[in-house]
Amino acid sequence: MAHIWPIGGGKGGSGKSFITSSLGRLSAGLGRRTLVIDLDLGAANLHTLVGVPYPSKSFSDFLQKKVTRLDDTVVETPFENLFLISGAQDPFDIANLPYEQKIKALRAIMRLDYACILLDLGAGTSFNTLDFFLLSQNGIFITTPEPTSIENVYRLIRSVYFRRIRYCFSVSQFKALEEEAIEQFGEGAFNKPECMMKVIERDHPESYRELQNDFNAFRFRLVINQLHKRDNAVLGLHICRIIEKHMGLGIEFTGNVSYDDHVHDAICQQVSFLDRYPYTKTAGELRAVGRQIFQPAGRQLMLQYV
Amino acid sequence: MRKSFAELNYYEMLDIRPDAAAFEIRQAYDAALQIYQPGSLVSHSFFTDAERREILSLVEKAYRTLIQDQLRKAYDDELVRRGELDAVRETAPAVKKPVGIFSISRGRGRQPAGPNPESLKNRILQSARIRELTGRPALSGEDLKQIREELDVTLEEISQATKIRQDHLINIEEDCFARLPAAVFLKGFVKSYLKYLCLKPAEELAARYMETFARLSQSQRAEENK
Numbered sequence: 106m107a108h109i110w111p112i113g114g115g116k117g118g119s120g121k122s123f124i125t126s127s128l129g130r131l132s133a134g135l136g137r138r139t140l141v142i143d144l145d146l147g148a149a150n151l152h153t154l155v156g157v158p159y160p161s162k163s164f165s166d167f168l169q170k171k172v173t174r175l176d177d178t179v180v181e182t183p184f185e186n187l188f189l190i191s192g193a194q195d196p197f198d199i200a201n202l203p204y205e206q207k208i209k210a211l212r213a214i215m216r217l218d219y220a221c222i223l224l225d226l227g228a229g230t231s232f233n234t235l236d237f238f239l240l241s242q243n244g245i246f247i248t249t250p251e252p253t254s255i256e257n258v259y260r261l262i263r264s265v266y267f268r269r270i271r272y273c274f275s276v277s278q279f280k281a282l283e284e285e286a287i288e289q290f291g292e293g294a295f296n297k298p299e300c301m302m303k304v305i306e307r308d309h310p311e312s313y314r315e316l317q318n319d320f321n322a323f324r325f326r327l328v329i330n331q332l333h334k335r336d337n338a339v340l341g342l343h344i345c346r347i348i349e350k351h352m353g354l355g356i357e358f359t360g361n362v363s364y365d366d367h368v369h370d371a372i373c374q375q376v377s378f379l380d381r382y383p384y385t386k387t388a389g390e391l392r393a394v395g396r397q398i399f400q401p402a403g404r405q406l407m408l409q410y411v
Numbered sequence: 318m319r320k321s322f323a324e325l326n327y328y329e330m331l332d333i334r335p336d337a338a339a340f341e342i343r344q345a346y347d348a349a350l351q352i353y354q355p356g357s358l359v360s361h362s363f364f365t366d367a368e369r370r371e372i373l374s375l376v377e378k379a380y381r382t383l384i385q386d387q388l389r390k391a392y393d394d395e396l397v398r399r400g401e402l403d404a405v406r407e408t409a410p411a412v413k414k415p416v417g418i419f420s421i422s423r424g425r426g427r428q429p430a431g432p433n434p435e436s437l438k439n440r441i442l443q444s445a446r447i448r449e450l451t452g453r454p455a456l457s458g459e460d461l462k463q464i465r466e467e468l469d470v471t472l473e474e475i476s477q478a479t480k481i482r483q484d485h486l487i488n489i490e491e492d493c494f495a496r497l498p499a500a501v502f503l504k505g506f507v508k509s510y511l512k513y514l515c516l517k518p519a520e521e522l523a524a525r526y527m528e529t530f531a532r533l534s535q536s537q538r539a540e541e542n543k
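Chains as they are written, first to last, in the working numbering: chain A, 106 to 411; chain B, 318 to 543.
Rendered as structure tokens:
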């Protein structure tokens, strides 16, 4: 069984692809067969970050039935143990994935045989992003310490929350729940998943229990990227605290990654930042985040088999 | 579903333990302000203005209640009545006092390891050997050692408690007269040694030891002169 880590962040430019590629490199460095999938459909660029500027195959080959198995779209990267499903040279309308194709893609990803799969998701909160995010219970949120980015990450977390609730109900039921929540908690309550959960607790106890079990099993993580020297280093802890307190979702702060101009240089030179500048503070912090994320995975896997 | 913010008690609002000291409450309040005040990066876009105002007024109320001992006591009583808090905490939390940097046992009320005086006294009363040794007219270092071993006390303990150097204690027990300190000091040392072992009367026993010491050291010197 593969461990799937969806990596999302709401705002564009917060470093999702960079962190995905770095985590991919770190996981591969541990000797695990690691696959990074570019699911930023229509704005794919992960291939450039992992050293495959012109991938021969791409994700859309699978969707357009040029190949039958998703496995056949995997390309090797210059790094040992690191593989890529790229989104390069996709058709222009790939971003608007029809429902059946999305389901097909989700199933195929679940069946892939790798020790670790990292999903690089796009910005925004389109259903594609949310569904890919909910593929696993180990989602990683990335944000920069700026109001714009934090706003978007809250939006994304709420959307993920709502999307999960939505799975349990039909469209009309969901609509009724929304109206009920507004009636009970006032204007703006349709935007608050915690209010809706209260309504569900009263009206649909069995769905509530299922949802609650699911949310308890989620192990969301938060990474603060591009932290400048003068920024508040405990920002991430505070964000996790407020999410737990006011949204009732468990989320774990994984670490800060400092801003470093060398990242820009490395990307421009199209070399791996971790190889080119291994002794920078940022590289050290990336490795620490990698340790945090990948080490407990073994234990988790064991628990599922017991 | 977890409780909403307004349903939390003041301790939960500020994320502190019910026995938090005043400075911890102040720190928690500062941290909460950092999170909730308008313009804070953490809660940016998380709340509407009305919600933020409500939360801030709650935090303010929580702080004002908990920081004043009387109000806090009343609030605690109410929590106990509601069953949210155990009634164990009757007294106000002990004020944390500064600790000397050289004191190693920083824990509260920790006694130095070793036997307590009560059990020592009991053992002295029960032991026939000690009664015999202290009953004799003479008391040598060898006798002291036997008493100490009978009571199961180590030299290290005595040295730590009385601040007498261990080599002095060893010399006393082995009757190495040549290496013992001057008689004034020696008497004091032996007295503290006896007091630590709870042997009574310490004054008299020490005097007896000094007599024995004088006699033995004289005879030893005479032997050497021959």
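Backbone N, C-alpha and C define an ideal beta-carbon position, used for all residues, glycine too.
- request: Could you give the DSSP three-state label for Pro355 of chain B: helix, strand or coil?
  value: DSSP places Pro355 of chain B in coil when its eight states are reduced to three.
query: What is the DSSP secondary structure of Pro310 of chain A, reduced to helix, strand or coil?
result: helix
message: Mapping the DSSP letters down to three states, classify Asp181 of chain A as helix, strand or coil.
response: Rather than Asp, the amino acid found at residue 181 of chain A in this sequence is Glu. In the structure shown, Glu181 of chain A sits in a strand (DSSP, three-state: E or B).
task: Give a yes or no on whether the minimum CB-CB distance between Tyr259 of chain A and chain B is below 8 Å.
output: By this cut-off, Tyr259 of chain A is an interface position.
message: Which residue marks the beginning of the beta strand (DSSP E) containing Ser375 of chain B, and which one marks its end?
response: Note on identity: in this sequence residue 375 of chain B is Leu, with Ser being the wrong assignment. Taken as a continuous stretch (DSSP letters only), Leu375 of chain B belongs to no beta strand (DSSP E), being part of the alpha helix (DSSP H) at 366-384.
message: Determine, for Leu358 of chain B, whether the minimum Cβ-Cβ distance to residues of chain A falls below 8 Å.
response: Yes, its Cβ sits closer than 8 Å to a Cβ of chain A.
message: Suppose contacts are defined by Cβ-Cβ distances below 8 Å. Is Thr230 of chain A in contact with Asn330 of chain A by that definition?
response: no
- request: Assign Gly134 of chain A to one of three DSSP states: helix, strand, or coil.
  value: helix
Selection from A:His351, A:Pro310, A:Lys121 that minimises the alpha carbon distance to Trp110 of chain A: A:Lys121
- prompt: Does Leu327 of chain A have its Cβ less than 8 Å from a Cβ in chain B?
  reply: For Leu327 of chain A, the answer is no, since every Cβ of chain B falls outside 8 Å of its Cβ.
message: Tell me the DSSP secondary structure of Gly227 of chain A in three-state form.
response: coil
- request: Rounded to whole angstroms, what's the CA-CA distance from Val394 of chain A to Ser127 of chain A? Just pull it up for me.
  value: Going by the C-alpha atoms only, they are around 10 Å apart.
- request: Could you please give the first and the last residue of the uninterrupted alpha helix (DSSP H) stretch that includes Leu486 of chain B?
  value: Counting along the chain, the alpha helix (DSSP H) containing Leu486 of chain B begins and ends at 483-490.
message: Please give the ranges of any alpha helix (DSSP H) in the segment 344-379 of chain A, keeping only runs that are unbroken, at least 4 residues long and fully inside the region.
response: Counting only runs of 4 or more, we get 366-374.
message: Within 8 Å of any Cβ in chain A, is that where the Cβ of Ile333 of chain B sits?
response: no
- request: Let me know the beta strand (DSSP E) ranges lying completely inside the segment 279-340 of chain A, each 3 residues or longer, listed in chain order.
  value: 325-332
message: Using a Cβ-based criterion (distance less than 7 Å to any ligand heavy atom), does Glu185 of chain A qualify as near the ligand FAD?
response: No copy of the ligand FAD occurs in the structure displayed, which carries no ligand at all.
query: Would Thr182 of chain A be called buried (16 or more neighbouring beta carbons within 10 Å of its own) or exposed?
result: buried
field: Cβ pair count under 8 Å reaching 3, the segment 449-465 of chain B against the segment 491-502 of chain B
entry: With the cut-off at 8 Å, the segment 449-465 of chain B and the segment 491-502 of chain B touch.
query: Looking at the unbroken beta strand (DSSP E) that takes in Phe167 of chain A, where does it start and where does it end?
result: That residue, Phe167 of chain A, is in no beta strand (DSSP E); its alpha helix (DSSP H) goes 164-168.
field: Neighbour list for Pro250 of chain A in chain B, Cβ cutoff strictly below 9 Å
entry: Leu358
task: Please list, in chain order, all residues of the same chain as Lys386 of chain A whose beta carbon is under 6 Å from its beta carbon, the five residues on each side excluded.
output: Here the set comprises Ser363.
- request: Provide the residue span of the alpha helix (DSSP H) that contains Pro252 of chain A, from first to last.
  value: 252-272
task: Indicate the three-state DSSP secondary structure (helix, strand or coil) for Gly113 of chain A in the structure shown.
output: strand
- prompt: DSSP state of Leu533 of chain B, grouped into three classes?
  reply: helix
message: Can you tell me where the beta strand (DSSP E) holding Asp143 of chain A begins and where it ends?
response: 139-144
- prompt: Do you know how far the Cα of Ser264 of chain A is from the Cα of Ile347 of chain A?
  reply: 17 Å
- request: Determine whether the Cβ of Gly426 of chain B lies closer than 8 Å to any Cβ atom of chain A.
  value: Unreliable placement is indicated for Gly426 of chain B, whose pLDDT of 49 sits below 50; no coordinate value is reported for it.
- request: Mind reading off the beta-carbon distance from Ile352 of chain B to Ile342 of chain B? Whole number of angstroms is fine, and I expect it under 8 Å.
  value: With 8 Å as the limit, Ile352 of chain B and Ile342 of chain B do not qualify as a contact, their Cβ atoms being about 16 Å apart.
query: Which residues bound the alpha helix (DSSP H) around Phe188 of chain A?
result: First-last for Phe188 of chain A: 187-190, but that is the beta strand (DSSP E), not the alpha helix (DSSP H).
message: For Phe246 of chain A, list the residues DSSP reports as bridge partners.
response: A:Gly113, A:Leu327
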